[in-house]
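K.L.:
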Amino acid sequence: MAIKNEVVRLEITALTNEGNGVGRHEGLTVFVPQTAVGDVINARLVKLYPRYAYGRLETLLVPSPDRVEPDCPVYRFCGGCALRHIGYMAELRAKQRLAADAFTHIGGFSETLCRPIVGCFQINGYRNKAMYPVRRVQGEVRIGFYRRRTHEVVEASGCLLQPEEFSQIAGALRQFLEETGLSCYDEQTGKGLVRHLYLRRAEVTGQILVCLILNGKKLPQAGRFLELLDALALPIETVALNQNLKNTNVILGDKTVVLRGSSVISDVLCGVRVKLSPESFYQVNHDAAEKLYRFVEECAALDGSQTLLDLYCGAGTIGLSMAGKAKELIGVEVIPQAVENARRNAEDNGIGNARFLCADAQQAAMQLAGEGIHPDVVVMDPPRKGCSPQTLETVAGMAPSRVVMVSCNPATAARDCKQLEAMGYQLESVTPFDLFPRTGHVETVCLLSHKNPTA
Ligand code: SAH
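With this note's numbering applied, the sequence shown covers 3 to 457.
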C-alpha cells in the first residue's frame, strides 16, 4: 500500500490533456505534472486517492528523448501551457493518442477511424484573444495568468502564445493603474474595481479590441487610459468597458459600454468578412481555424442543393464560409450579440440564403423539426460539455445524411458520437486538429453518415 509523501519510482507511459504524465505504482495510476513519455522518475505522492494519486517530480532518473528546455520563464507555475517541456512532434503524438483513446475507450470505436492529427505551422504568437486577470498584490499591479490550479496571478504579460501588441497594452494598463492608484478586484472580498483585461486582435485587418472588465459602473480618469493607449500607436478599433458586479468565476458580465470606437472589430476568415462583438465566440487561432473550416466543408460535401444546419454557430462563421455551396443555411446560437453578428456578417458578405435563430440548440432543433425542415447536413460545434441527449435525439430525428461534429473536447465528442451511432449514424472518421499548440487542448472533427439515407 502506497502512503502519502512516499517517494516512488515511475516510468511515464502517457500524457493526459492537462499535460500530466501518467505512471503506475502497485496498481495505482499516478499523475505527475510536466513529465514526458519515456521519463523514468522518482515522484513524491502528494495526493493519494484509492485508485490514483498526484505525484511531484523529485528526481529525473532517465529523461525522455521528447524533452526540451521550456522556452518560457513562468512555464513551471503558469496554468496556460501544458506541453512546453516536450518538442512539438511529441506534442502532436500525445494529442493524437488523447483523441484516439477517447474514441476507443469512451466511444467504443475502432482506432482505425482516427486519422493523423493536423498540426500547426505557427506554434507561438497564434492566439488572437487574451483574458488577463488584474490584481494588486501588496499594492503592486499584476496582470497575467492564474498559477496552475489556483487563483493567484502570475505576472505573464509577455506570454509567448499572444501577439506582441498585447504586452504593450498590458503595460499601458499597468501604468494607468500605477498613476491613478485605482483598485483591482479581490476575489476574497468581492471588492476592487478592475477585474480583467480582455484583448482581441483581428488577424487579417490587425484591428484590436481593448475591453476592461470592471466590478463597477465607471472607470475614473478614463481619458488618461485612452491617452496611454493612444501613445502606443496601435490600430485599436474599440475600447469598451464591461460591467461584472457578480462574485463568480464568470469573466464577462452582461453589460458592455463602448468608451471609444465602434463596438466591433472586423476580420476575414475563409474569405468571409466578419464583425465581432466582445461577447461573441471567435476561434482563437485564425490560421488553424481556416484549415479546420476547409476540412469541415470537405466533410459536409455540399453540392448546392442542400439545406445546411449550423448548430452552435457563434458569429456564423463556419456556416457562412460554405453558404455558397448550400441551397439554404440555418444557424443556431444562444448568445444574442453573436446572432446579431451572424446576421450582419451574412448581409455584409451578400449571403442571401442564410437565417439565424437565437435559441438553445435543443429548442431550435425541435422548432425546426416542427416546421418540417429536414437539413441534409448538420454541422455542430458545441462547447466543452458537448450536446444534451435530447439535442442529439432531435438532430437524429431530422435524419440529415451527414453530421459533422466539431469539438474541443474529445471525451464528450466520443460520448456524443456513440449516442448518434445508436440512433442510426455511422462514424466515418475522426480527425484531430491542433488549434492550441503548447497547451493540452485538442480539437476533433468527426464525420458521421446516416446508415440508411433513404429511410
Ligand atoms: N461554430 C462557432 C462557435 C463555436 S463555440 C465558431 O466556429 O466560431 C460554441 C458556441 O455555442 C458558442 O458561441 C456558444 O455561445 C454556443 N452555445 C453554447 N451553448 C449553447 C446552446 N445550448 N445552444 C446554442 N448555442 C450554444
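Just so you know, even glycine gets a beta-carbon here, dropped at the ideal spot from N, CA and C.
Owing to the predicted nature of the structure, the values given are computational and were not obtained by experimental measurement.
Output the boundary residues of the beta strand (DSSP E) element that contains residue 269.
P.N.:
267-271
K.L.:
Mind listing, in chain order, the continuous beta strand (DSSP E) runs of no fewer than 3 residues lying wholly within the stretch 110-157?
P.N.:
131-139, 142-148 and 155-157
K.L.:
Can you list, in chain order, the residues of its chain whose CB lies under 6 Å from that of residue 175, leaving out five sequence neighbours each side?
P.N.:
199
K.L.:
Could you pull the start and end residues of the beta strand (DSSP E) that residue 101 belongs to?
P.N.:
Segment 90-103 is the alpha helix (DSSP H) holding residue 101; no beta strand (DSSP E) there.
K.L.:
Between which two residues does the alpha helix (DSSP H) holding residue 171 run?
P.N.:
166-182
K.L.:
In whole angstroms, what is the alpha-carbon distance linking residue 371 and residue 380?
P.N.:
13 Å
K.L.:
Here's a check: name, in chain order, each residue in its chain whose Cβ is nearer than 7 Å to the Cβ of residue 429, leaving out the five neighbours to either side.
P.N.:
111, 115, 419, 423, 448 and 450
K.L.:
Taking residue 414 and residue 83 to be in contact with their CB atoms under 8 Å, please state how far apart those CB atoms are, rounded to whole angstroms.
P.N.:
Contact doesn't hold; Cβ gap of about 23 Å is too wide.
K.L.:
Tell me where the beta strand (DSSP E) around residue 210 begins and ends.
P.N.:
It spans 210-216 - the beta strand (DSSP E) in which residue 210 sits, taken as one unbroken run.
K.L.:
Measure the C-alpha to C-alpha separation of residue 389 and residue 158 and round it to an integer number of angstroms.
P.N.:
34 Å
K.L.:
Looking at the structure shown, is residue 51 part of a helix, part of a strand, or coil, going by DSSP?
P.N.:
coil
K.L.:
Report the residue from 128, 234 and 183 whose alpha carbon sits nearest the alpha carbon of residue 138.
P.N.:
Taking only the C-alpha atoms, the option nearest residue 138 is 183.
K.L.:
Ligand 1 and residue 319: does the residue's C-beta get closer than 7 Å to at least one heavy atom of that ligand?
P.N.:
Answer for residue 319: yes, Cβ within range of ligand 1.
K.L.:
Between residue 211 and residue 240, how many whole angstroms is the CB-CB distance? I'm expecting something under 8 Å.
P.N.:
The pair is a contact, with the Cβ atoms about 5 Å apart (cut-off 8 Å).
K.L.:
Residue range of the beta strand (DSSP E) that residue 399 falls in?
P.N.:
No beta strand (DSSP E) contains residue 399, which is instead part of the alpha helix (DSSP H) from 391-399.
K.L.:
Hey, is residue 314 close to ligand 1, as in C-beta under 7 Å from one of its heavy atoms?
P.N.:
Taking 7 Å as the cut-off, the C-beta of residue 314 counts as close to a heavy atom of ligand 1.
K.L.:
Answer yes if the stretch 98-108 comes into contact with the stretch 179-195, meaning at least three C-beta pairs across the two stretches below 8 Å, and no otherwise.
P.N.:
no
K.L.:
Which residues does DSSP list as the beta-bridge partners of residue 106?
P.N.:
Note: residue 106 sits in no beta bridge, so no partner.
K.L.:
Which residue wins for smallest C-alpha separation from residue 204, given the options 288, 444 and 214?
P.N.:
288
K.L.:
Tell me whether residue 378 sits in a helix, a strand or coil according to DSSP, three-state version.
P.N.:
coil
K.L.:
Is residue 204 near ligand 1, with its Cβ less than 7 Å from a heavy atom?
P.N.:
no
K.L.:
Would you mind sorting residue 318 into buried or exposed? The rule is 16 or more other CB atoms within 10 Å of its CB.
P.N.:
buried
K.L.:
Take residue 58 as the anchor and find which of 12, 162, 178 and 39 has the nearest alpha-carbon.
P.N.:
12
K.L.:
In terms of residue numbering, what span does the beta strand (DSSP E) encompassing residue 312 cover?
P.N.:
309-313
K.L.:
Tell me which residue opens and which closes the alpha helix (DSSP H) that residue 1 is part of.
P.N.:
The chain is shown from 3 up to 457; residue 1 falls before or after that span and cannot be answered.
K.L.:
So, using beta-carbon positions, are residue 330 and residue 355 closer together than 8 Å?
P.N.:
The answer is yes: Cβ separation under 8 Å.
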